[in-house]
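K.L.:
If you read the protein sequences in the order shown, they are chains A and B.
Per our numbering, the first sequence starts with residue 1, numbered consecutively.
Per our numbering, the second sequence starts with residue 247, numbered consecutively.
No residue lacks a Cβ here, since even glycine has one placed at the ideal position from N, Cα and C.
Okay, here's the structure, questions in a sec.
Number of protein chains: 2
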Amino acid sequence: MKLDVLLTPTELLPSEISGRTVVVLDVLRASTSIVEALAAGARTLYPVATIEEAIGLAKTLGRDEVLLAGERKALPIEGFDLGNSPGEFTPERVRGKTVVMSTTNGTIAITAAAGGARVIVGAWLNFQAVVDELVRTQAEPVLLCAGRDRAFGLEDAVCAGQIAAALVKALPDVEWEMNDGAVAALALAEEFSDPARLFPHTAAGRAIIEAGLGDDLPYCAQTDLRDVLPVLDGRQIVLAAVEAEP
Amino acid sequence: MKLDVLLTPTELLPSEISGRTVVVLDVLRASTSIVEALAAGARTLYPVATIEEAIGLAKTLGRDEVLLAGERKALPIEGFDLGNSPGEFTPERVRGKTVVMSTTNGTIAITAAAGGARVIVGAWLNFQAVVDELVRTQAEPVLLCAGRDRAFGLEDAVCAGQIAAALVKALPDVEWEMNDGAVAALALAEEFSDPARLFPHTAAGRAIIEAGLGDDLPYCAQTDLRDVLPVLDGRQIVLAAVEAEP
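Okay, here's the thing in structure tokens:
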């Protein structure tokens, strides 16, 4: 069974994800915030690439029905309702709302992955839910690391490697066919096992600290805080029902 | 001092390499073959992207003066004089000649790196020569992994990590400022220390074996076989004088 990790989003070729399940990882912070938004009861979330697109979509949907969220250079966008800190997406703020989100890397990666048969948003927050779903569907997943400004981001690679390791462990009889990215991610996951210790040493983590949002790092490192599975449905991200354990 | 590793060539931004020394790594096999060609006495080597460009340049330079070399899908190109197996570049074949080479990944990466202040071609074959030069010049190097068809190639990342580790060891008093790619490459170099054992497990290595050229793998794993430093000079790759030890 195929198991591929794309260490940077520019590696994504449409032919490579066709018919496959793509897990998009931007753990610092877009995919973590998306998990939080939907776990907190947001009705739906639109990932969009540009600020203009976000504002236009909010107008179309009705500005009062929409929460605009996102960041540029780690900081909240002027005129938007929320930034990209996962702790902002509380039930009080987002329950029943439509969120339109634009972030530098994560939402762009999700849009690029739209050609996959299924697109799941993964983070440490919903780690086991993602693994369980990949085990249940016996999908041949592509784990897509969103990275940073087209470049490699270590935290996403480590998360991908930990998902890959959990999948291999859960399906011991499968003969895996891995790309070089998956082999590397597995090794990196062994080397950097603790996200809370890793984050401050990554470029993304340092940028978040410099922006004065250092509290986001331990938040994003919380493993299995949420048992939810955000999936792309057309242009929107919604919660998939998580299958009960047999 | 900055030390960056770009794990895929698509990460290269012209602004990032401006003024810096770029080491291009495509150890399976273009950079290894370039080292061999120049160590065997080739006068100069032109890396070009396309087959048409190679044939056109050979006509301009005078077809009889030129050896056309390169590969597509690991195999020699029809009508060319040499493939991309390093063992083909013997003194008998190449001494005094001009080589025009087109390979799938390596020569494209070298061309992309041309905006650097200095471009060095590195491989395990000339590992120590590359490290010595980076130590001597106290350059802030960018180690550029050529990878495979825009995607990550593990062998180049491991070579980059070993170069980075040797550099850090040789300059213990330097405070290094590394990108995420460098941190990852250092970890991968520790995990996969022996290129001869690594190669058959990489996508590039498997493709070379499938093409019937498996003998190339142990050839490319020979560390420090050559004490030469191929550098880009305009459009050509030539040997730089290796400084004598003090």
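1. Skipping 5 residues on each side, what residues in its chain have a beta carbon closer than 7 Å to that of Leu239(A)?
2. Against Asp426(B), what residues of chain A qualify as contacts under a CB-to-CB distance less than 7 Å, listed in chain order?
3. Of the residues that make up the segment 159-191 of chain A, which ones have a beta carbon closer than 8 Å to any beta carbon in chain B?
4. Tell me the residue span of the alpha helix (DSSP H) that contains Glu330(A).
5. I want to verify the contact list: residues of chain B whose CB lies under 7 Å from the CB of Ala74(A), in sequence order.
6. Can you tell which of Asp26(A), Asp216(A), Val24(A), Glu65(A) has the C-alpha that lies nearest to the C-alpha of Thr44(A)?
7. Taking a cut of 7 Å between CB atoms, which residues from the segment 256-270 of chain B lie near chain C?
8. Could you tell me if Asp462(B) is buried or exposed, where buried requires 16 or more neighbouring beta carbons within 10 angstroms of its beta carbon?
9. Just mark Thr60(A) as buried or exposed, buried being the case when its beta carbon has 16 or more other beta carbons within 10 Å.
10. From the DSSP output, in three-state form, read off Glu78(A) for me.
11. Which partner residues does Ser102(A) have in the DSSP bridge list?
12. Can you look up Pro337(B) in the DSSP assignment and give me helix, strand or coil?
13. For Leu7(A), return the contacting residues in chain B, with the cut-off set at a CB-CB distance below 8 Å.
14. For Pro170(A), which residues of its own chain have a beta-carbon under 8 Å away from its beta-carbon, when the five flanking residues on both sides are left out?
15. How about Ala406(B) and Leu389(B): are their beta carbons less than 7 Å apart?
16. Is the segment 325-344 of chain B touching the segment 252-269 of chain B, taking contact as three or more C-beta pairs under 8 Å?
17. Taking the Cβ atom as the reference point for each residue, do Trp124(A) and Ala207(A) lie within a distance shorter than 7 Å?
18. Quick check: the Cα distance between Gly19(A) and Gly70(A), rounded to an integer number of angstroms?
19. Identify the continuous alpha helix (DSSP H) that holds Lys2(A) and give its terminal residues.
20. Between Glu190(A) and Val429(B), what straight-line distance do the alpha-carbon atoms span, to the nearest angstrom?
21. Can you check which of these residues, Leu459(B), Phe438(B), Ile297(B), Asp395(B), is closest to Ala355(B) by C-alpha distance?
22. Going along chain B in order, which residues have a C-beta closer than 9 Å to the C-beta of Ala30(A)?
23. Please list, in chain order, the chain B residues whose beta carbon lies closer than 7 Å to that of Ala157(A).
24. State the Cα-Cα distance for the pair Phe438(B) and Glu379(B), rounded to the nearest angstrom.
25. With Gly205(A) as the anchor, note down where its beta strand (DSSP E) starts and where it stops.
26. Tell me the DSSP secondary structure of Leu478(B) in three-state form.
27. From the DSSP output, in three-state form, read off Gly19(A) for me.
28. Asp470(B): buried (16+ other C-beta within 10 angstroms of its C-beta) or exposed?
29. Only counting the same chain, and skipping five residues up and downstream in sequence, which positions put a Cβ closer than 7 Å to that of Gln560(B)?
30. Taking the C-alpha atoms as reference points, what is the distance between Lys319(B) and Val281(B)?
31. Under three-state DSSP, which class holds Gly115(A)?
32. Throw me the rounded Cβ distance for the Ile455(B) and Pro446(B) pair, which I believe falls under 8 Å.
33. In angstroms, rounded to a whole number, what distance separates the CA positions of Thr50(A) and Gly79(A)?
34. Could you give the first and the last residue of the continuous beta strand (DSSP E) run that contains Thr256(B)?
P.N.:
Taking the coordinates as given:
1. Leu38, Val228, Leu229, Pro230
2. Phe152, Gly153, Leu154, Thr202, Ala203
3. Asn179, Asp180, Gly181, Val183, Ala184, Ala187, Leu188, Glu190, Glu191
4. Only positions 1 to 246 of chain A appear in the structure, and residue 330(A) is not among them; the question remains open.
5. Neighbours of Ala74(A) on chain B: none; closest Cβ ~16 Å, over 7 Å.
6. Among Asp26(A), Asp216(A), Val24(A), Glu65(A), the Cα nearest to that of Thr44(A) belongs to Glu65(A).
7. Among the chains of the structure shown, chain C does not appear; the protein chains present are A and B.
8. buried
9. exposed
10. If DSSP states are grouped into helix, strand and coil, Glu78(A) belongs with coil.
11. Gly70(A)
12. helix
13. Leu253, Thr254, Phe398
14. A small fix is needed here, since residue 170(A) is Ala in this sequence, not Pro. Cβ-Cβ distances below 8 Å link Ala170(A) to Val131, Val135 in the same chain, with the five nearest sequence neighbours on each side left out; the list follows chain order.
15. yes
16. no
17. No, these two residues do not count as a Cβ contact at 7 Å.
18. 30 Å
19. Looking at the DSSP string, Lys2(A) is not in any alpha helix (DSSP H); the run it does join, the beta strand (DSSP E), is 2-6.
20. Cα to Cα, the separation comes out at about 14 Å.
21. Asp395(B)
22. Here the premise fails: no neighbours, minimum Cβ distance about 17 Å.
23. Ala430
24. Approximately 24 Å, taken between the alpha carbons.
25. Counting along the chain, Gly205(A) falls outside any beta strand (DSSP E), though it belongs to the alpha helix (DSSP H) covering 203-210.
26. Residue state for Leu478(B) is assigned as strand, using DSSP reduced to three classes.
27. coil
28. exposed
29. With chain B running from 247 to 492 in the structure shown, residue 560(B) is simply not present.
30. 21 Å
31. helix
32. In this structure, Ile455(B) and Pro446(B) form a Cβ contact; the two beta carbons are roughly 7 Å apart against a cut-off of 8 Å.
33. 14 Å
34. No beta strand (DSSP E) contains Thr256(B), which DSSP labels as neither H nor E.
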